[in-house]
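According to the working numbering, the sequence shown holds residues 310 to 460 in order.
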Amino acid sequence: MGENIVGSLKKKWLPVYGVLAAATGVLLVGLMYLYAKTGANDYSMAAMVDSLFLLYILWSIYKLAKLEFKPRKVVTLVRCEKCGYSEERDYARGDYLFKVKGQCPKCGAPLLVAGIYVKEAGEEEPDFTPLPLPTGLATFITTFSGLKRGD
Ligand SMILES: [Zn+2]
310 MGENIVGSLK KKWLPVYGVL AAATGVLLVG LMYLYAKTGA NDYSMAAMVD SLFLLYILWS
370 IYKLAKLEFK PRKVVTLVRC EKCGYSEERD YARGDYLFKV KGQCPKCGAP LLVAGIYVKE
430 AGEEEPDFTP LPLPTGLATF ITTFSGLKRG D
């Protein structure tokens with residue numbers, strides 16, 4: 310289940326981020342060109358905002374690409390009733406409580422299944438927050454309406 314969540318997050322957001330990064334990159338080049346041509350500070354300001362936005366998108370892409378599904382592991386705890394030796398093993402289909410599962414490596418008595426559980430160690434929820442697009446777009450619109458007034 311977790312694998313699907315991570316997979317669908319990537320499938321949903323990577324293309325969006327890709328398009329945004331490309332658009333922001335093109336815009337940045339355009340703004341830098343305009344600044345070089347006109348020397349107007351409005352363009353350099355807009356280019357700065359744009360490059361910050363671009364960095365943020367690239368960082369989000371990096372974070373999203375790094376996102377991995379860590380599978381939960383079902384383990385079977387076997388314990389020797391005689392000497393108290395116990396160990397965790399990978400759960401095998403057909404394991405049940407008090408099932409005899411091999412011999413104790415210490416004393417040779419039968420090992421019994423003492424527990425079957427999901428191991429939580431290493432388990433993490435996907436740490437991902439989608440880009441706050443409205444905020445970014447609002448910044449853009451503010452910046453560009455400022456540019457138009459400046460003209
Ligand atoms: Zn034992």
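Even glycine gets a Cβ: it sits at the ideal position worked out from N, Cα and C.
- Identify whether tyrosine 342 lies in helix, strand or coil by the three-state DSSP scheme. helix
- Query: Among residues of its own chain, excluding the 5 on either side of aspartate 399, which ones have a beta-carbon nearer than 8 Å to its beta-carbon?
  - Reply: Lys382, Val383, Val384, Thr385
- Message: Taking DSSP's pairing of strands, which residues face glycine 424 in a bridge?
- Response: Leu386
- With distances taken between CB atoms, is the gap from phenylalanine 407 to valine 422 smaller than 8 Å? yes
- For arginine 402, which beta-bridge partners are listed by DSSP? The partner list for arginine 402 (beta bridge, DSSP) is empty, contrary to what the question assumes.
- Message: Here's the rule: buried if 16 or more other CB atoms are within 10 angstroms of the residue's CB, otherwise exposed. What is serine 347?
- Response: Note that residue 347 is threonine in the sequence shown here, rather than serine. The residue is exposed, with fewer than 16 neighbouring Cβ atoms inside 10 Å.
- Around the Cβ of cysteine 416, are there at least 16 other Cβ atoms within 10 angstroms (buried) or fewer (exposed)? exposed
- Should leucine 337 and alanine 356 be called a contact, given that it needs their Cβ atoms to be closer than 8 Å? yes
- Task: Report whether the distance from the Cβ of alanine 418 to the nearest heavy atom of ligand 1 is below 7 Å.
- Result: yes
- Message: Cutting at 7 Å between CB atoms, please list the residues of its own chain near aspartate 359, excluding the five before and the five after it.
- Response: Thr333, Leu336, Leu337, Leu340
- In the DSSP assignment, find the unbroken alpha helix (DSSP H) run with lysine 375 in it and report its ends. 350-375
- Beta-bridge partners of serine 395, as assigned by DSSP: Arg388
- Item | Buried or exposed by the 16-neighbour rule on C-beta atoms within 10 Å, applied to serine 369 | buried
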